[in-house]
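Shown next, in structure tokens, is the structure this report addresses.
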Amino acid sequence: MATIPPAFLDELRTRLDLSDVVGARVKLQRKGREWTACCPFHNEKTPSFYVNNEKGFYHCFGCGQHGDHIGFVMNHDGQTFIEAVETLAAQAGVDMPKADPDAARKAERAKGLKEAMVAAVKAYQDALTLPEGETARAYIDKRGLSPETVQHFGLGYSPDSRDWLFKKLIAQGFSAQVIIDAALAKAPEDGRPPFDMFRGRLMFPIWDRQGNPVAFGGRILGDGEPKYLNSPDTPIFHKGLLLYGHHLARKSAHDRGEILVVEGYMDAIALAQAGVDNAVAPLGTALTEDHLRLLWKMVPAPTVCLDGDAAGQRAARRTAERALPLLQAGKSVKFATLPDGQDPDDLLKHGGLRALQTVLSKSETLPAALWRWERMSMARNDAEQRAALWSRINSALKTVEDSSLNAALEADMVGRFEASFGHHPFRKNTGRQWQRGAGGGAGGGKGYRNPAATGLKRPGNDRVSALDTQALARRQYEVLFAVFLNHPDLLELYGENLATLTMLDVDLAQFRDALVQALFADVTLDSEHLGAHLSERGLDSMVERLTGFETQLHAGFAKPEARKDEVIEGLETLFAGFMHRDMQHELQVSRVALPAYAVSDDELKALHLRAKAYTDAKPSS
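Per this note's numbering, residue 80 is the first one in the sequence shown, and the count goes up by one each step.
What follows is the structure, encoded as structure tokens:
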């Protein structure tokens, strides 16, 4: 019988949910995190047959049948081992490995490599207690890791010696070739004796899904590069198929219904020590498609929790790009962004679990994160940039293979586009338009009609309610102005949105016009120059009030120190609320004006539909 490489079998199990394999042959019903059915291997009326995707096996409590993907196909379809693997390979869309006459020998070699890895873990752990391990112990103490955590993750130390581990393993009976094949040592091309792969580093064992050590990551403790060194791929280790800490986090992820994907080993370890033991990390690379499939076997929507700096956000975007073609109903990804300059360990030390929960509570869905990334990449807010924005989003959506999900995501993005810009991304804009140019001042410029000029008032006789509504609206506008005062560079991007807002309050309209005029006057958009521009127009007292504590108390995103993505998210929410309010007002005005101005039924209907769309999509502000 031909031997199939274990790595190929692991790939099949990663690519295929067991419930999909079984469900193609047996009618399954969802029961919590498992699937159940009447056993196909014996007659029964009450279901006792269970399928667990996370653990990758099925079990019948009635007849005792038990197995994995391959075992099920063999037993159910009456296929041989090779035939079952071929069937699963076809379902997974992968090619069968070519016949290898040396497969048996390679399997035996793999066994030897695993034994060498176990011996290396023990050797590194012992070295951590030796005098030469003092530097590593000092680093562990500095990071605040307890002895229990060190033991739990099997941390060790590789002495800064040319061949310390090589000689130790040779003395234990391992051949030089096995040590080299396990990537524990390297053989120089000039024929000199092999030297250790890891020297002078804190050692992190990397386990397969069964909890067997198959590789290492090593952090340098002195000067030198790279900071982290990881084992290369070997016959027993393929970094694109494994996640650091997977076998340790699996049960907790199952119980919590949540798994966190963090950037590195220390992030996962720090979280585990703090009680968050459902975190994993990629092995020195971005998340792969196989990583995502592995995560989805545990939870429907893993949370990618990466740094807020440019590198962290690039990694998050790469994850989104890889996830989009794989998305299915019930399988997605969430994104949580850490404060810039902080990793999970920093966050926990300064704010504890509460700070982490705050970050996780602000997790974004994949569509929300995609919209934010693309929106922030706009250099300005004009027709050309909006068209380019939609083109990028549309290109991303086209990669989603599930047609029904594709349609739902497009509708989501269309809603976000309309909330931001007041019109559909690929239909003619019939709403108010504002253009930056000569004679186009806000509130009274050519082509813009202020509804207040009609002399019509909003309907309603409840004076108290009206006063409350006006006070709330004024507060929201003041928060909006505070954002632009503290983040003036955003005026370039949101100037058009600002100019089209309806403000019946004279003071607010005057301040809004002054902000818009700064764009026409080519004022440098920083706090100093914008402040001088507003001061020339006698608005110092209002600037002082808007930048005071009371205004910013109502919205943290308005503060100068707020992260740019939080500021933009807050602005988007404000403008969506303003747009909804304005369209409701337009509808009311049109109803009152219908007899006098002969507003057509179609125009009135269009306004009603626009207002309803925003009511359904956004809460009233």
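Ideal placement from N, C-alpha and C gives every residue a C-beta, glycine not left out.
inquiry  = Tell me the rounded alpha-carbon separation between R471 and H138.
reply    = As a working note, residue 471 is residue 392 in the sequence shown. As a working note, residue 138 is residue 59 in the sequence shown. Each residue's Cα considered, the two are about 46 Å apart.
request  = On a CA-only basis, which of M658, A206, T367 and E557 is nearest S499? Give me that one, please.
outcome  = Mapped onto the sequence shown, residue 499 falls at position 420. When each option's Cα is compared against that of S499, the closest is M658.
ask   = Is the region 315-332 close to the region 356-363, with three or more CB pairs under 8 Å?
value = yes
message = Going by DSSP in three states, M658 sits in which element: helix, strand or coil?
response = Stepping through the sequence shown from its first residue, residue 658 is reached at position 579. In the structure shown, M658 sits in a helix (DSSP, three-state: H, G or I).
task = Mark H739 as exposed unless 16 or more other C-beta atoms lie within 10 angstroms of its C-beta, in which case mark it buried.
result = Missing from the structure shown is residue 739; the chain here goes from 80 to 700 and no further.
query = If you pair each beta-carbon of the region 339-348 with each one of the region 238-251, do three or more pairs fall below 8 Å?
reply = no
The region 549-558 / the region 567-577 touching (three or more Cβ pairs under 8 Å) = no
query = Below 7 Å between beta carbons: does that hold for Y236 and A261?
reply = Within the sequence shown, numbered from 1, the residue matching residue 236 stands at position 157. Within the sequence shown, numbered from 1, the residue matching residue 261 stands at position 182. No, they are not a contact pair.
task = Starting from N460, follow the alpha helix (DSSP H) in both directions and report where the run begins and ends.
result = Sequence index remark: in the sequence shown, residue 460 carries index 381 (1-based). That residue, N460, is in no alpha helix (DSSP H); it is neither H nor E in DSSP.
ask   = Any idea which residues DSSP pairs N309 with across the strands?
value = For the purposes of this step, residue 309 is taken as residue 230 along the sequence shown, with counting starting at 1. Beta-bridge pairing links N309 to G296.
query = Taking all protein chains shown into account, do 16 or more other C-beta atoms lie within 10 angstroms of the C-beta of A415, making it buried, or fewer, making it exposed?
reply = Sequence index remark: in the sequence shown, residue 415 carries index 336 (1-based). It counts as buried.
request  = Quick one: which unbroken alpha helix (DSSP H) runs of 4-plus residues sit fully inside the region 84-139? Chain order, please.
outcome  = 85-94 and 97-102
Contacts around R397, its chain only, beta-carbon distance under 6 Å, and the 5 residues preceding and following it disregarded = Position 318 of the sequence shown, counted from the start, is the residue given in the question as residue 397. Excluding positions up to five away in sequence, the list reads A365.
query = Tell me, which residues are paired with E443 by DSSP?
reply = One-based indexing of the sequence shown puts residue 443 at position 364. BP columns for E443 point to F414.
request  = Examine the Cβ distances between the region 186-197 and the region 314-328 and report whether three or more of them are shorter than 8 Å.
outcome  = yes
ask   = Using CA coordinates, which residue listed in G409, L435, H429 and A467 is at the minimum distance from T444?
value = Within the sequence shown, the letter at position 365 stands for residue 444. Taking only the C-alpha atoms, the option nearest T444 is G409.
message = Taking the straight line between their C-alpha atoms, what separation do you get for D89 and A655?
response = Within the sequence shown, numbered from 1, the residue matching residue 89 stands at position 10. Within the sequence shown, numbered from 1, the residue matching residue 655 stands at position 576. Those two C-alpha atoms are separated by around 48 Å.
query = Excluding five sequence neighbours on each side, which residues of the same chain lie with their C-beta closer than 8 Å to the C-beta of G296?
reply = By 1-based counting over the sequence shown, the position of residue 296 is 217. Correct list, in chain order: M282, F283, I285, Y307, L308, N309, S310, Y323, Y344, L362 and G363.
request  = Just the C-alpha distance for A597 and A578, rounded to the nearest angstrom, thanks.
outcome  = Locating residue 597 in the sequence shown gives position 518, counting from the first residue. Locating residue 578 in the sequence shown gives position 499, counting from the first residue. One C-alpha to the other measures close to 12 Å.
query = I think V105 touches P126, with their Cβ atoms under 8 Å apart; what is that distance to the nearest whole Å?
reply = Against the sequence shown, residue 105 aligns to sequence position 26. Against the sequence shown, residue 126 aligns to sequence position 47. Incorrect: roughly 10 Å between the Cβ atoms, too far for contact.
query = For R372 versus R94, is the C-beta distance shorter than 7 Å?
reply = Indexing the sequence shown from 1 puts residue 372 at position 293. Indexing the sequence shown from 1 puts residue 94 at position 15. In this structure, R94 lies closer than 7 Å to R372 by Cβ.
task = Check S614 in the structure and name its three-state DSSP category.
result = In the sequence shown, the residue the question calls residue 614 occupies position 535. Looking at S614 - three-state DSSP - the assignment turns out to be helix.
query = In chain order, what residues of the same chain lie with their CB nearer than 8 Å to the CB of D481, ignoring the 5 residues before and after it?
reply = Taking the first residue of the sequence shown as position 1, residue 481 is located at position 402. These residues qualify, in order along the chain: L406, Q407 and A408.
key: Short Cβ contact (7 Å threshold) for P423 with L350   = Within the sequence shown, the letter at position 344 stands for residue 423. Within the sequence shown, the letter at position 271 stands for residue 350. Contact flag set, yes.
In DSSP terms, what I285 is bridged to = Position 206 of the sequence shown, counted from the first residue, corresponds to residue 285. In DSSP, I285 forms a bridge with A294.
request  = Say whether the region 221-241 touches the region 150-161, bearing in mind that this needs 3 or more beta-carbon pairs closer than 8 Å, one atom from each stretch.
outcome  = no
query = Who pairs with L339 in a beta bridge, going by DSSP?
reply = Position 260 of the sequence shown holds residue 339. Looking at the DSSP assignment, L339 forms a beta bridge with A358 and T382.
ask   = For the alpha helix (DSSP H) that contains G494, what are its first and last residues?
value = On the sequence shown, position 415 is the one that residue 494 refers to. Where G494 is concerned, the enclosing alpha helix (DSSP H) stretches over S482 to F500.
task = Taking only the alpha-carbon atoms, compute the straight-line gap between G510 and E165 and give it to the nearest angstrom.
result = Against the sequence shown, residue 510 aligns to sequence position 431. Against the sequence shown, residue 165 aligns to sequence position 86. Legend: pLDDT at G510 = 45, less than 50; position of this residue unreliable, value from coordinates given subsequently. Cα to Cα, the separation comes out at about 58 Å.
request  = Have a look at L618, K376 and A395 and flag the residue whose alpha-carbon is nearest the alpha-carbon of C384.
outcome  = Position 305 of the sequence shown, counted from the start, is the residue given in the question as residue 384. The residue with the shortest Cα to Cα distance from C384 is A395.
inquiry  = Please report the distance separating the alpha-carbon of S440 from that of E187.
reply    = For the purposes of this step, residue 440 is taken as residue 361 along the sequence shown, with counting starting at 1. For the purposes of this step, residue 187 is taken as residue 108 along the sequence shown, with counting starting at 1. So the alpha carbons of these two residues sit roughly 49 Å apart.
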